[in-house]
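Taking it in order: structure first as structure tokens, then the write-up.
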Amino acid sequence: GAGVSQSPSNKVTEKGKDVELRCDPISGHTALYWYRQSLGQGLEFLIYFQGNSAPDKSGLPSDRFSAERTGGSVSTLTIQRTQQEDSAVYLCASSLNYDRDKQYFGPGTRLLVL
Amino acid sequence: GIQVEQSPPDLILQEGANSTLRCNFSDSVNNLQWFHQNPWGQLINLFYIPSGTKQNGRLSATTVATERYSLLYISSSQTTDSGVYFCAVDRDDKIIFGKGTRLHILP
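So the protein sequences, as listed, match chains X and F. Residues in the first sequence are numbered from 34 upward in steps of one, following the numbering used here. Residues in the second sequence are numbered from 20 upward in steps of one, following the numbering used here.
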């Protein structure tokens, strides 16, 4: 079946604008994860969903970041009033269940804030 | 919070060589995973291994949870093994990554 897909693949925006990133997980996967990777840096965990619920949102970098998941499927990560330090690759992954199953990653969204 | 340290940070090997990558973590964890990020940025989960030993082809991993470390073994390395290997641990609804080991296999 299809893997994890993310859109857009690339996004260039101006500082102060809002952006919305989308993740379509593998069908049937109940767990969905968002990560961020800044240029040349390691991976930073942002948030995960089990179904439509995110047990802990404290990994989001600031209150400008929000995430939601509807219907146990598609998730959106929204960044309001973008800043240059938000520039990074935003990665989404999904797994059958949280905490016990292999994660499958999407190709990422490359965000550049000018 | 939990600290995850990977070693070595960089490794350059000749094709055909074997290697061992290490991941130390500072506290008990719910699970541990190894990932490979290829030079084009694609991430692949290699092992989900909270404890014990698993093997997949030329790769194997061992986690000794009581001693808080995990090892990733790569045997008969190939140029396609190049990239960054990340270890990640899971605790309290958070996933913490190490900084990775950058592996470069020379043909």
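In this text, a Cβ means the ideal position worked out from N, Cα and C, and glycines have one as well.
- Between the C-alpha atoms of L79/X and K73/F there is a straight-line separation of about 28 Å.
- When the alpha-carbon of S128/X is set against those of G105/X, L145/X and T142/X, the nearest one is in G105/X.
- Of all C-beta pairs linking the stretch 65-76 of chain X to the stretch 110-119 of chain F, three or more are shorter than 8 Å, placing the two stretches in contact.
- DSSP lists Y92/F as the beta-bridge partner residues of T39/F.
- In this structure the stretch 34-42 of chain F touches the stretch 87-106 of chain F; the number of beta carbon pairs closer than 8 Å is three or more.
- Counting other Cβ atoms within 10 Å of its Cβ, P126/F stays below 16 and is therefore classed as exposed.
- According to the DSSP assignment, W53/F belongs to the beta strand (DSSP E) that extends over N50 to Q56.
- Within the same chain, and ignoring the five residues on either side of N43/X in sequence, the residues whose Cβ sits closer than 6 Å to its Cβ are R143.
- Look at E34/F here: in three-state DSSP terms it is coil, with no helix or strand label.
- Between the stretch 106-114 of chain X and the stretch 58-70 of chain X, the count of C-beta pairs closer than 8 Å reaches three or more; the two stretches touch.
- Residue environment analysis places H123/F among the exposed positions, since fewer than 16 neighbouring C-beta atoms fall within 10 angstroms of its C-beta.
- The CB of G35/F never comes closer than 9 Å to any CB in chain X; the least such distance is about 28 Å.
- For L72/X, no beta strand (DSSP E) segment is defined, and its DSSP state is neither H nor E.
- The residues R102, T103 and G105, in chain order, have a CB closer than 7 Å to that of N85/X in the same chain once the five nearest residues on each side in sequence are set aside.
- Taking every protein chain shown into account, the CB of S95/X has fewer than 16 other CB atoms within 10 angstroms, so this residue is exposed.
- Distance from the CA atom of S26/F to the CA atom of G60/F, rounded to whole angstroms, is 21 Å.
- Taking C-alpha positions only, P41/X is separated from L54/X by approximately 7 Å.
- Contact with chain F is found for Q136/X, since one of that chain's Cβ atoms lies less than 7 Å from the residue's Cβ.
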